[in-house]
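A quick write-up on the structure given underneath.
In structure tokens form, the structure reads like this:
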């Protein structure tokens, strides 16, 4: 039985913008050292007073982000961190985002060694084959979407060949998600049949095994094709061991993706088979069953400055009858086939200084939804403000989005960049 709901959606692959700076020859050799950062004040408050938390604040912090990069002829060194005063959980927090060396071997292989953030896949806030850590607490609490991706200490090796390209990622000690654990948001606990929360209520056994991920990818006449493999853990602790402790069950993931332009839009298709290694027959009630996951997406510009995207997601639980026969709370188990649909609208105005955005998740199976409206105003290159919300709806407390209905909140962020 799934005792802890696990998010099934994530963030799409980030694109890196390349800018060819041809001014170096005229103004002398560029410095090998660069740095940038920002200061940010953020507040997020619950809309409803029905949640079990007495503190209506979901987020109340002052944050300093700084990135330092050094380019040598033989390697690059990258370091970025966040230091923030968290007035909700209390105390000064340090989040080391990057600390790595990047270098090339044999003229066709790139290596990233150290703390890094990795992402791949084709979805927009939906993941199937990307098993790298996510930060769901930041995502729900109204922090910038970039914080959905969490860092891990890993080795990434990318080799480029004429036939295909290969990505290898080894994480010596598995890095789980920063999952919903009761600190900022209450969650539904099936064995109790009610919401639980209040500081950290879920304290799992930390994983010790390594993680292995591989991707084979190739661009064939504008068609982006990829095959994926992963051996590691469930990223949220949706298993309970013999001692009654939550833990991260082992899993394998095998998948494939395709992405290409069709007409005026971009189409993506992704498939993944999630194999539960600790519950191969589906008859262990305290360990999550395996699943098939499917994603189909399409995005395009509807009119000038207005972009629209939609996605259909299917999550099919394997050995479902075994799950129901052995479940300790079958009335709270998810449907065998869970459907989720998403829509994103983004409109830019005032020479792209003002950006309106709306992202909606809706599950017809669970009859629940998650709405993410926001508006960002960029006054100049230094100052910007973001207003937004995270609004959950649901008919039942045991569905994924429905369990967070009382945690719906509005947020504001004010940022100074340097």
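Numbering (UniProt numbering), first residue to last: 1 to 418.
Virtual Cβ for every residue (Gly too), placed ideally from N, Cα, C.
Backbone secondary structure at residue i - three-state DSSP
i	result
residue 246	strand
residue 347	strand
residue 93	strand
residue 403	helix
residue 330	helix
residue 206	coil
residue 164	coil
residue 414	strand
residue 145	helix
residue 252	strand
residue 373	strand
residue 268	strand
Residue i burial status per 10 Å Cβ neighbour count (16 or more: buried)
i	result
residue 223	exposed
residue 208	exposed
residue 90	exposed
residue 121	buried
residue 240	buried
residue 134	buried
residue 268	buried
Residue i versus residue j - alpha carbon distance
i	j	result
residue 198	residue 246	17 Å
residue 75	residue 152	20 Å
residue 136	residue 29	43 Å
residue 288	residue 327	11 Å
residue 139	residue 396	22 Å
residue 364	residue 394	11 Å
residue 154	residue 210	10 Å
residue 184	residue 58	6 Å
residue 165	residue 105	15 Å
residue 414	residue 88	18 Å
residue 94	residue 226	36 Å
residue 369	residue 84	31 Å
residue 303	residue 64	37 Å
residue 50	residue 186	11 Å
residue 417	residue 254	41 Å
residue 355	residue 373	11 Å
residue 141	residue 40	15 Å
residue 32	residue 97	21 Å
residue 361	residue 294	16 Å
Start-to-end residues for the alpha helix (DSSP H) that takes in residue i
i	result
residue 325	320-326
residue 136	136-141
Extent of the continuous beta strand (DSSP E) run through residue i
i	result
residue 54	It is not in any beta strand (DSSP E) - residue 54 carries neither H nor E in the DSSP assignment.
residue 192	No beta strand (DSSP E) contains residue 192, which DSSP labels as neither H nor E.
residue 226	223-233
residue 127	Here residue 127 belongs to no beta strand (DSSP E), and DSSP marks it neither H nor E.
residue 296	291-303
residue 44	33-46
residue 392	383-394
residue 280	Per DSSP, residue 280 belongs to no beta strand (DSSP E) and is neither H nor E.
With contact counted as at least three CB pairs below 8 Å, one residue from each stretch, are the region 107-114 and the region 157-176 in contact?
yes
If contact is defined by three or more beta carbon pairs under 8 Å, each pair taking one atom from either stretch, is the region 186-198 in contact with the region 230-237?
no
Segment contact, 8 Å Cβ cut-off, at least three pairs: the region 402-409 with the region 170-189:
yes
contact_flag[the region 374-381, the region 309-317] where n(CB pairs < 8 Å) is 3 or more:
no
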